[in-house]
Amino acid sequence: MASSLGIGVVAGLASALLIGVIVTATPLALLLYLLAPLPIVIVALGWSHRAGLVAAATGTVALMLAASPLRGLAFLVSTALPAWWLGYLALLGRPAAGGPPSTLEWYPLGRLLAWTAATAAVAIILVVMLSSGDHAAYEERIRRIAHAVMQIEMQTVQPGGAPPLPEADLARVADRLARIAPAVMGVTFTLLLVFYLWAAGRIVHLSGRLPRPWPDIPGTMMPRRILWGLAAAVALTFAPGFAGTFGIGLVGALCAAFALQGLAAIHDRSRGRPGRAPLLIGLYLLVLLTQGLALAALTLFGLADTLFSLRRPAEVPTP
0 MASSLGIGVV
10 AGLASALLIG
20 VIVTATPLAL
30 LLYLLAPLPI
40 VIVALGWSHR
50 AGLVAAATGT
60 VALMLAASPL
70 RGLAFLVSTA
80 LPAWWLGYLA
90 LLGRPAAGGP
100 PSTLEWYPLG
110 RLLAWTAATA
120 AVAIILVVML
130 SSGDHAAYEE
140 RIRRIAHAVM
150 QIEMQTVQPG
160 GAPPLPEADL
170 ARVADRLARI
180 APAVMGVTFT
190 LLLVFYLWAA
200 GRIVHLSGRL
210 PRPWPDIPGT
220 MMPRRILWGL
230 AAAVALTFAP
240 GFAGTFGIGL
250 VGALCAAFAL
260 QGLAAIHDRS
270 RGRPGRAPLL
280 IGLYLLVLLT
290 QGLALAALTL
300 FGLADTLFSL
310 RRPAEVPTP
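Sequential numbering of the sequence shown, starting at 0, is according to numbering that gives the first Met the number 0.
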């Protein structure tokens, strides 16, 4: 028990250090910054969720002391708690119905995926509220960022001597980008959280410390009631203030989850079929080359899979 808590302390310090290197503003620092949740997830999966909670608390306190209380609090809600929470959910289990007491039924991957999207949306809105104070300040800041991005983009794509885009049109496009920014953040953070879970799970599994057997990832399927969650999120986008921002972020996060389920469904339906490897390689290349736009088609496929269950029927064993 004491050793696992000590490992939690070390993991928390490592996570805080990975967050801190961003001040050097180098590409390597950005990569290390993005990997900050991994130590906490690894400890939560490989030792215990209590060790993961110790890691989360240690990293938070370290950043509060080394940087500022606000920096530590932002780390807590955006990195530490999401990493610990998902590690905790991944190891939930109960005795399998009709089986021996030693046989456990582990938390379904589909529900874990749904929780990942919800966790991403909650973390995003908490960070937005912490960093902005009020919604008007948030809107103004995100609008300035979108405007600066548009100006840089126009300077990149316009040939020399071409007339610049009128300021009114530029402001209009920037406003639209600012409006969908929470959805983009929701998509990105959901994909990152799923990557953290997968990478930490593989590391812990290879070390022999993962309590649950490696799951059938292509079989991932969210419960059908998650569609009601998507409908509620869409309705919430019309609310004013931070409630509407949360709704937009949740829509983006759930769309990312449906896209991943669509990807899992393609993996599942192509199992055992000729040409599976080239098909999957082509699909991943398409996602990369379209800069993620192909995720929209995967999202629709994931929605249809949730609603109509498009998986291959289970093969009936021959007598």
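For glycine and all other residues, C-beta sits at the position ideal for the given N, C-alpha and C.
Quantities reported herein were computed from a predicted structural model and do not represent experimental measurements.
Nearest-angstrom beta carbon gap, residue 185 and residue 251 [assumed within contact, 8 Å]
The sequence position of residue 251 within the sequence shown is 252, counting from 1. The sequence position of residue 185 within the sequence shown is 186, counting from 1. At roughly 3 Å, the Cβ-Cβ gap stays under 8 Å, so residue 251 and residue 185 are in contact.
Between the stretch 95-108 and the stretch 170-177, can you find at least three pairs of beta-carbon atoms closer than 8 Å?
With the cut-off at 8 Å, the stretch 170-177 and the stretch 95-108 do not touch.
Going along the chain, which residues of its own chain have a beta-carbon closer than 7 Å to the beta-carbon of residue 238, five neighbours each way excluded?
In the sequence shown, residue 238 corresponds to position 239, counting from 1. These residues qualify, in order along the chain: 246.
Per-residue DSSP class, three states only, for residue 201
The residue labelled residue 201 in the question sits at position 202 within the sequence shown. Judged by DSSP in its simplified three-state form, residue 201 adopts helix.
Suppose you measure from the CA of residue 27 to the CA of residue 101; what does that come to, to the nearest Å?
Reading the sequence shown from its first residue, position 28 is the one you call residue 27. Reading the sequence shown from its first residue, position 102 is the one you call residue 101. Those two C-alpha atoms are separated by around 45 Å.
Take the Cβ of residue 196 as the centre, count every other Cβ of all protein chains shown within 10 Å, and call the residue buried at 16 or more, exposed below.
In the sequence shown, counting from the first residue as 1, residue 196 sits at position 197. Buried is the call here.
My output table needs one value for residue 317: the three-state DSSP class, helix, strand or coil.
For the purposes of this step, residue 317 is taken as residue 318 along the sequence shown, with counting starting at 1. Residue confidence is low: residue 317 scores 40 on pLDDT, short of 50, so the model does not pin down where it sits. Its coordinate-derived value is still stated next. Residue state for residue 317 is assigned as coil, using DSSP reduced to three classes.
Within the stretch 128-197, ranges of the alpha helix (DSSP H) (whole runs, at least 4 residues)
Counting only runs of 4 or more, we get 134-156.
Rounded to whole angstroms, what's the CA-CA distance from residue 257 to residue 300? Just pull it up for me.
Against the sequence shown, residue 257 aligns to sequence position 258. Against the sequence shown, residue 300 aligns to sequence position 301. If I take the Cα positions, the gap works out to 8 Å.
Among 307, 240, 268 and 218, which one has its Cα closest to the Cα of residue 136?
Taking the sequence shown and counting its residues from 1, one reaches residue 136 at position 137. Selected option, being the one with the closest Cα: 240.
Identify, in the order they occur along the chain, each residue of the same chain with its Cβ nearer than 8 Å to the Cβ of residue 96, setting aside the five sequence neighbours on each side.
Working through the sequence shown from its first residue, we reach residue 96 at position 97. Excluding sequence positions up to five before and after residue 96, its CB lies within less than 8 Å of the CB of 104, all in the same chain and listed in chain order.
Return the CA-CA distance between residue 198 and residue 204, expressed in angstroms with no decimal places.
The residue labelled residue 198 in the question sits at position 199 within the sequence shown. The residue labelled residue 204 in the question sits at position 205 within the sequence shown. As the crow flies, the alpha-carbon of residue 198 is around 10 Å from that of residue 204.
For residue 309, which residues in the same chain have their Cβ closer than 8 Å to its Cβ, ignoring the five residues on either side in sequence?
One-based indexing of the sequence shown puts residue 309 at position 310. Taking C-beta separations shorter than 8 Å and ignoring five residues to either side along the sequence, the partners of residue 309 in its chain run 264, 268, 300 and 303, following chain order.
How many angstroms separate the CA atom of residue 34 from the CA atom of residue 141?
Position 35 of the sequence shown, counted from the start, is the residue given in the question as residue 34. Position 142 of the sequence shown, counted from the start, is the residue given in the question as residue 141. Note on geometry: alpha-carbon atoms of residue 34 and residue 141 lie some 25 Å from one another.
Please list, in chain order, all residues of the same chain as residue 14 whose beta carbon is under 6 Å from its beta carbon, the five residues on each side excluded.
Numbered from its first residue, the sequence shown carries residue 14 at position 15. For residue 14, where only same-chain residues beyond five positions count, the Cβ hits under 6 Å are 35, 38, 39 and 58.
Taking its Cβ as the centre, do 16 or more other Cβ atoms sit within 10 Å of residue 290, making it buried, or is it exposed?
If you number the sequence shown from 1, residue 290 lands on position 291. Exposed, since its Cβ has fewer than 16 Cβ neighbours within 10 Å.
Among 266, 61 and 46, whose alpha-carbon lies nearest the alpha-carbon of residue 74?
Reading the sequence shown from its first residue, position 75 is the one you call residue 74. In terms of CA proximity to residue 74, 61 leads the group 266, 61 and 46.
Would you identify the three-state DSSP class for residue 227, choosing helix, strand or coil?
As a first step, residue 227 is located in the sequence shown; it is residue number 228 there, counting from the start. In this structure, residue 227 counts as helix in the three-state DSSP scheme.
DSSP three-state label for residue 92, please.
Indexing the sequence shown from 1 puts residue 92 at position 93. Three-state result, residue 92: strand.
Thinking C-alpha only, which one of 69, 144, 166 and 153 is nearest residue 132?
Sequence index remark: in the sequence shown, residue 132 carries index 133 (1-based). Among 69, 144, 166 and 153, the Cα nearest to that of residue 132 belongs to 69.
Residue 103 (DSSP reduced to helix, strand or coil):
Taking the sequence shown and counting its residues from 1, the one referred to as residue 103 is at position 104. Here residue 103 sits in strand by DSSP.
From residue 274 to residue 281, what does the alpha carbon distance come to, in whole angstroms?
For the purposes of this step, residue 274 is taken as residue 275 along the sequence shown, with counting starting at 1. For the purposes of this step, residue 281 is taken as residue 282 along the sequence shown, with counting starting at 1. If I take the Cα positions, the gap works out to 11 Å.
Quick check on residue 230: buried or exposed, where buried means 16 or more other Cβ atoms within 10 Å of its Cβ?
Translated into positions along the sequence shown, residue 230 becomes position 231. Answer is exposed; the Cβ neighbour count stays below 16.
Which residue's Cα is closest to the Cα of residue 44: 234, 305 and 83?
Start at 1 with the first residue of the sequence shown, and residue 44 comes out as number 45. Considering only 234, 305 and 83, the residue with the shortest C-alpha distance to residue 44 is 83.
If you run the structure through DSSP and keep just helix, strand and coil, what is residue 271?
Taking the sequence shown and counting its residues from 1, the one referred to as residue 271 is at position 272. Of the three classes helix, strand and coil, the one that applies to residue 271 here is coil, per DSSP.
Measuring straight from C-alpha to C-alpha, what distance separates residue 125 and residue 248?
For the purposes of this step, residue 125 is identified with residue 126 of the sequence shown, where counting begins at 1. For the purposes of this step, residue 248 is identified with residue 249 of the sequence shown, where counting begins at 1. In a straight line, the C-alpha of residue 125 is about 11 Å away from that of residue 248.
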